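S.K.: Residues in the sequence shown are numbered consecutively from 1, following the numbering used here.
Using N, Cα and C, we set each Cβ at its ideal position, and we do this for glycine too.
This structure is a prediction, so every number in the text was calculated from the model and none was measured.
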Amino acid sequence: MKTHRHPRTRDASRGKRRPSPRYIVTGGAGFVGSNLCAALVKRDPGAEVIVVDDFSSGSYANLVEAFARAGVGPFTGTVVPFGVDGVELEPLIEGWPLRAVFHLAAITDTTVADEPAMIAANTTPLLPLMHACVEAGVPLVYASSAAVYGSPPQGAARKPFPVAAAGTPNNVYGFSKWLMECEHRRMLAIAPGAHVVGLRYFNVFGPGESRKGKMASMAYQLVARLREGKAPRLFKDGEQARDQVHVDDVVACTMAAAGLGDKADPAPGVYNVGSGVATSFNRVLAAVRKGLGIPAGRLEVEYFDMPQDVRAFYQDYTCADLAETAKGLGWKPAIDPQAGLTSYAAYLASRR
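Dropping the structure here:
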């Protein structure tokens with residue numbers, strides 16, 4: 001595959017130094033990525049953000065809107081419009097005085113069944129990226145997923161998922177993320193001090209997900225139906241529960257993993273990123289109704305049977321055990337999921 005060298009790496013390799021911090025964010029035009037880019041600039045005004053994104057699922061509009069929401073002015077960073085495997089990131093990482101690299105680029109559609117494509121897109125780019133960051137001494141934070149857990153015993157018992165419970169994913173998306181973590185573990189075995197952190201994102205919701213289509217959060221989809229005057233629809237009996245975590249909390253934890261939070265020296269490893277609370281879809285709906293001002297008696301919920309093809313990979317329950325996250329990264333969620341869902345629904349209503 002042809003790779004592209006960004007022209008600015010030539011200047012960087014000559015040793016030029018400027019005081020503003022620099023960050024690379026792969027997948028920076030996506031939901032979490034665009035919010036992260038804006039948060040980095042808000043933390044460090046004048047920071048230079050380099051977005052690497054092929055725009056297969058992201059959009060320039062996500063960046064424009066995220067920067068407007070954050071109140072940090074227009075996006076003025078650099079965009080490298082290629083996939084991670086199509087860019088020579090090594091000279092970019094080695095040549096520039098980078099503060100951190102955030103690797104969020106991935107196929108995130110959990111229903112994709114093309115196994116080679118999923119693994120090639122999600123797993124393959126991590127190893128050379130890790131090597132380049134470790135060689136340059138640059139912190140690397142990458143996005144894993146709660147999908148690595150599949151349906152562990154803790155799910156049936158309705159208990160939080162400890163980090164050690166992962167490894168039996170229900171779909172190839174989860175497997176591709178698990179393979180990333182395996183590469184990470186092998187790297188830490190030979191370079192135990194390397195600042196590489198993997199984050200298992202649970203169910204993320206919040207501003208900036210409007211272009212995710214069918215992969216948007218349950219809250220977003222319920223708001224859309226209710227605002228169209230349609231009855232909300234849930235799988236029977238609506239008691240499936242997921243760890244719903246606000247994107248602002250996810251961004252804060254992602255930054256903390258790079259040493260940009262309260263703990264200056266986060267420990268390398270893999271961590272859960274969630275609210276630490278399992279919220280049933282019935283409760284998600286209740287929170288959304290509250291935010292929209294639509295009482296339960298209006299547009300009553302329709303429960304329907306889960307399709308068999310969905311049942312094969314569906315997680316009935318997820319909940320993040322955050323004990324290791326608090327210890328290793330010094331981070332705890334700040335947003336109560338029920339309150340966050342309600343305010344998010346109100347936010348969406350105010351936008352249309």
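1. Could you give the first and the last residue of the continuous beta strand (DSSP E) run that contains T26?
2. So, using beta-carbon positions, are N62 and G213 closer together than 8 Å?
3. Looking at the secondary structure, which residues open and close the alpha helix (DSSP H) in which R185 lies?
4. Would you mind reading off the limits of the beta strand (DSSP E) that contains R200?
5. Determine the DSSP secondary structure at R233, reduced to helix, strand or coil.
6. Classify G73 as helix, strand or coil using the three-state DSSP reduction.
7. Would you say V301 touches the ligand PLP, meaning its beta carbon is less than 7 Å from a heavy atom?
8. DSSP three-state call for A278: helix, strand or coil?
9. Might you give, ordered along the chain, the residues of its own chain that have their beta carbon closer than 7 Å to the beta carbon of P74, omitting 5 neighbours on each side?
10. Are V51 and T76 touching if we call contact CB-CB under 8 Å?
11. Which of the three DSSP states, helix, strand or coil, is assigned to I50?
12. Do you know how far the Cα of V141 is from the Cα of E355?
13. Per the contact definition of three or more C-beta pairs closer than 8 Å, is the segment 318–332 in contact with the segment 260–280?
14. Measure from the alpha carbon of V245 to the alpha carbon of each residue in R351, S151, T318, then state which is nearest.
15. To the nearest angstrom, how far is it from the Cα of R186 to the Cα of S144?
16. At 4 residues or longer, and completely inside the segment 88–136: list those alpha helix (DSSP H) runs for me, N to C.
17. Could you pull the start and end residues of the beta strand (DSSP E) that S59 belongs to?
18. Which residues in the same chain have their Cβ closer than 7 Å to the Cβ of A165, if we skip the five residues on either side of it in sequence?
19. Using DSSP's beta-bridge definition, name the partner residues of Y317.
20. If the criterion is Cβ atoms closer than 8 Å, does the pair R242 and N282 meet it?
21. Give the DSSP-derived three-state secondary structure of G208 in the structure shown.
22. Just to confirm before moving on: does the CB-CB distance between S176 and N122 stay below 8 Å?
23. Look at the alpha carbon of D11 and the alpha carbon of S343, and state the distance between them as a whole number of angstroms.
24. Taking contact to mean 3 or more Cβ pairs, one atom from each stretch, closer than 8 Å, check whether the segment 167–176 and the segment 190–201 are in contact.
25. Mapping DSSP to helix, strand and coil, what is T379?
M.R.: Well, looking at it:
1. 22–26
2. no
3. 172–190
4. 196–201
5. strand
6. coil
7. As presented, the structure is devoid of all ligands, the ligand PLP included, so that no description of it is given.
8. strand
9. F67
10. no
11. strand
12. It is not possible to answer for residue 355, since the shown part of the chain is limited to 1 through 352.
13. yes
14. T318
15. 16 Å
16. 89–95, 115–122, 126–136
17. Segment: none, S59 is in no beta strand (DSSP E) and carries neither H nor E.
18. Y149, P152, Q154
19. A241
20. no
21. coil
22. yes
23. Confidence is the limiting factor: at D11 the pLDDT is only 45, short of 50, which leaves the residue's position unreliable and the question unanswerable from this model.
24. no
25. No answer is possible for residue 379: the residues shown for the chain start at 1 and end at 352.
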